[in-house]
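**Student:** Residue numbers (UniProt numbering): 1 to 269. Built from N, CA and C at the ideal position, the CB exists for glycine as well.
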Ligand SMILES: NC(=O)c1ccc[n+]([C@@H]2O[C@H](COP(=O)([O-])OP(=O)(O)OC[C@H]3O[C@@H](n4cnc5c(N)ncnc54)[C@H](OP(=O)(O)O)[C@@H]3O)[C@@H](O)[C@H]2O)c1
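(1) Output yes or no for whether 9 Å exceeds the beta carbon distance between residue 126 and residue 154.
(2) How about residue 80: is its Cβ closer than 8 Å to a heavy atom in ligand 1?
(3) Take every Cβ of the segment 163 to 170, pair it with every Cβ of the segment 37 to 49, and state whether three or more of those distances are shorter than 8 Å.
(4) Using 10 angstroms around the beta-carbon of residue 206, count the other beta-carbons present and answer buried if the total reaches 16, otherwise exposed.
(5) Apart from the five residues on each side of it in sequence, which residues of its chain come closer than 6 Å, Cβ to Cβ, to residue 54?
(6) To the nearest whole angstrom, what separates the beta carbons of residue 100 and residue 266, a pair I think is in contact under 8 Å?
(7) What do you get for residue 142, buried or exposed, if any count of 16 or more other CB atoms within 10 angstroms of its CB means buried?
(8) For residue 46, collect the residues of the same chain with a Cβ closer than 8 Å to its Cβ; drop the 5 residues on either side in sequence, then sort them by chain order.
(9) Taking 8 Å as the cut-off, is the beta-carbon of residue 38 closer than that to any non-hydrogen atom of ligand 1?
(10) Helix, strand or coil for residue 53? Go by DSSP, reduced to three states.
(11) What separation, rounded to the nearest whole angstrom, lies between the Cα atoms of residue 230 and residue 134?
(12) Measuring alpha carbon to alpha carbon, tell me which of 198, 193, 189 and 182 ends up nearest residue 208.
(13) Is residue 175 near residue 235, with beta carbons less than 9 Å apart?
(14) What is the DSSP secondary structure of residue 127, counted as helix, strand or coil?
(15) Do residue 27 and residue 2 have their CB atoms nearer than 9 Å?
(16) Mind checking whether residue 257 and residue 169 have CB atoms under 9 Å apart?
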């Protein structure tokens, strides 16, 4: 069933969520309201998605909303916004996408006992049907209240809150690692003598094909590499160079740094 939505903060991530949720009819434009402090952003969201948008937070908007989406940044005045939501007396499920900010911090800021909170961590792949949103609920929140909305912009994994920071650094930033790999690989193709267009097309095919192979065979990557790497051949020669490089450590250190940064942001550092 279509939900009416009040989104607070209309930045990149909220836009990606709204776009997919509208397309998949989990929400409709006439019952979606967004508040963002930037007038340009408000104009853009109105013009592009035909939703109602405003620069001022309005307590009255909470009355008509089934779901509240808190989408400002960790460094924005989220606690003040939460206090206003709590003070409204409405107990509409609050879905927070703020990286690093815990359910406990939200609960404290709301200053309202038994407020239903769903803390999620989505990524920007919402238009693709791919991407997994990690979702942690407090004891008062009902999964059914948020489930359809959450599934309209990706797959959903209900997880304990302790896993959210790991999820953020690994899953949410996931596309970043892939974009970087794609860039490194396509540059290698160009360096080897292919045109940019050829290099891009081949890398995209291989990325999608390799992902499909992992999915449909269920094989460990070592098994698939064994098929590709014949004795004394080209594949194993490339493998040797990769093994001797910082490739794996670079990716792993990036993920660990992203997880650490998530935790720091939550502490306001
Ligand atoms: N981008 C991602 O991939 C991603 C993934 C998962 C979670 N998140 C989370 O999503 C949240 C938003 O990230 P984002 O990348 O979408 O950032 P963003 O594009 O900067 O969006 C934040 C928006 O909120 C506005 N804003 C700030 N204070 C406000 C207030 N008091 N009332 C209303 N609007 C306010 C900002 O306006 P101004 O720019 O004018 O200040 C901006 O338009 C963050 O908490 C982040 O942790 C992001």
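**Tutor:** The relevant details are as follows:
(1) Yes, the Cβ-Cβ distance between residue 126 and residue 154 is below 9 Å.
(2) yes
(3) Segments in contact, no.
(4) Residue 206 comes out exposed.
(5) Shown here for residue 54: same chain residues with a beta carbon closer than 6 Å to its own, the five before and five after excluded, namely 35 in chain order.
(6) Right, the Cβ-Cβ distance comes to about 3 Å (below 8 Å), so this counts as a contact.
(7) exposed
(8) If you ignore the 5 residues before and after residue 46, its C-beta comes within less than 8 Å of the C-beta of 52 and 53, all in its own chain and listed in chain order.
(9) The answer is yes for residue 38.
(10) strand
(11) 40 Å
(12) Among 198, 193, 189 and 182, the Cα nearest to that of residue 208 is on 182.
(13) no
(14) Note: residue 127 maps to coil in three-state DSSP.
(15) yes
(16) yes
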